[in-house]
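Right, one structure below, let's go through it.
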Amino acid sequence: FEDDEAEEDLLVLTKRFDLHALVEDELLMAMPMVPMHNTCPEPQIFTAQDPDFELQEAAASRPFAVLASLKGDKH
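Quick note, the sequence shown lines up with residues 133 to 207 if you use this note's numbering.
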(Lines of atoms letter the chains of each structure in order from A and count residues from 1; the text may use other names and numbers.)
(Lines give C-alpha, C1' and ligand atoms only; values in the text may rest on other atoms or scores of the structure.)
Protein backbone atom coordinates (compact mmCIF):
# COMPACT_ATOMS: atom_id res chain seq x y z
CA PHE A 1 0.00 0.00 0.00
CA GLU A 2 0.96 3.57 -0.54
CA ASP A 3 0.99 5.88 2.47
CA ASP A 4 -2.12 7.66 1.19
CA GLU A 5 -4.02 4.36 0.94
CA ALA A 6 -3.02 3.00 4.35
CA GLU A 7 -5.84 2.82 6.89
CA GLU A 8 -3.61 2.82 9.96
CA ASP A 9 -0.81 5.17 10.84
CA LEU A 10 2.63 3.77 11.46
CA LEU A 11 2.68 3.18 15.22
CA VAL A 12 6.03 1.55 15.88
CA LEU A 13 9.27 3.12 14.75
CA THR A 14 11.55 1.06 16.97
CA LYS A 15 11.61 -2.51 18.22
CA ARG A 16 10.40 -1.42 21.68
CA PHE A 17 7.20 0.49 22.36
CA ASP A 18 4.89 1.09 25.31
CA LEU A 19 1.82 -1.10 24.83
CA HIS A 20 0.07 0.45 27.86
CA ALA A 21 0.42 3.97 26.43
CA LEU A 22 -0.74 2.78 23.01
CA VAL A 23 -3.89 1.15 24.42
CA GLU A 24 -4.59 4.18 26.61
CA ASP A 25 -4.26 6.56 23.66
CA GLU A 26 -6.51 4.41 21.46
CA LEU A 27 -9.18 4.22 24.16
CA LEU A 28 -9.08 7.98 24.75
CA MET A 29 -9.37 8.67 21.04
CA ALA A 30 -12.31 6.25 20.72
CA MET A 31 -14.32 8.05 23.42
CA PRO A 32 -16.83 10.68 22.30
CA MET A 33 -16.00 14.33 22.94
CA VAL A 34 -19.27 14.88 24.84
CA PRO A 35 -21.39 12.48 26.91
CA MET A 36 -23.92 10.68 24.76
CA HIS A 37 -27.09 8.83 25.79
CA ASN A 38 -30.30 7.71 24.13
CA THR A 39 -32.72 9.86 26.09
CA CYS A 40 -32.23 12.88 28.26
CA PRO A 41 -33.20 12.36 31.89
CA GLU A 42 -35.93 14.54 33.32
CA PRO A 43 -34.49 17.60 35.06
CA GLN A 44 -34.76 17.51 38.81
CA ILE A 45 -36.43 20.52 40.35
CA PHE A 46 -35.10 21.47 43.74
CA THR A 47 -37.25 23.68 45.91
CA ALA A 48 -36.99 24.97 49.41
CA GLN A 49 -39.82 26.51 51.33
CA ASP A 50 -39.18 29.34 53.73
CA PRO A 51 -42.20 30.27 55.86
CA ASP A 52 -40.75 33.74 56.50
CA PHE A 53 -40.33 34.49 52.78
CA GLU A 54 -43.60 36.40 52.42
CA LEU A 55 -42.84 38.41 55.55
CA GLN A 56 -39.45 39.37 54.16
CA GLU A 57 -40.99 40.27 50.81
CA ALA A 58 -43.60 42.52 52.47
CA ALA A 59 -40.92 44.29 54.49
CA ALA A 60 -38.79 44.84 51.41
CA SER A 61 -41.62 46.34 49.36
CA ARG A 62 -40.76 49.87 50.63
CA PRO A 63 -37.01 49.94 51.23
CA PHE A 64 -36.87 53.73 51.79
CA ALA A 65 -39.76 53.90 54.28
CA VAL A 66 -37.28 54.10 57.17
CA LEU A 67 -35.53 57.06 55.55
CA ALA A 68 -38.85 58.84 55.04
CA SER A 69 -39.70 58.43 58.72
CA LEU A 70 -36.28 59.81 59.73
CA LYS A 71 -36.62 62.80 57.43
CA GLY A 72 -39.99 63.87 58.83
CA ASP A 73 -41.47 67.28 58.01
CA LYS A 74 -38.69 69.78 58.79
CA HIS A 75 -39.60 72.23 56.01
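Virtual Cβ for every residue (Gly too), placed ideally from N, Cα, C. Owing to the predicted nature of the structure, the values given are computational and were not obtained by experimental measurement.
Open item on the list: Which same chain residues end up closer than 8 Å to R194 when comparing Cβ atoms and leaving out the 5 residues on each side of it in sequence?
Closed with: Closer than 8 Å at Cβ, skipping near neighbours: no residue.
TODO: Can you grab the Cα-Cα spacing for the pair M161 / L154, in whole Å?
DONE: In a straight line, the C-alpha of M161 is about 11 Å away from that of L154.
Task: Where M165 sits in the DSSP three-state scheme - done: In the three-state scheme derived from DSSP, where H, G and I count as helix and E and B as strand, M165 is classed as coil.
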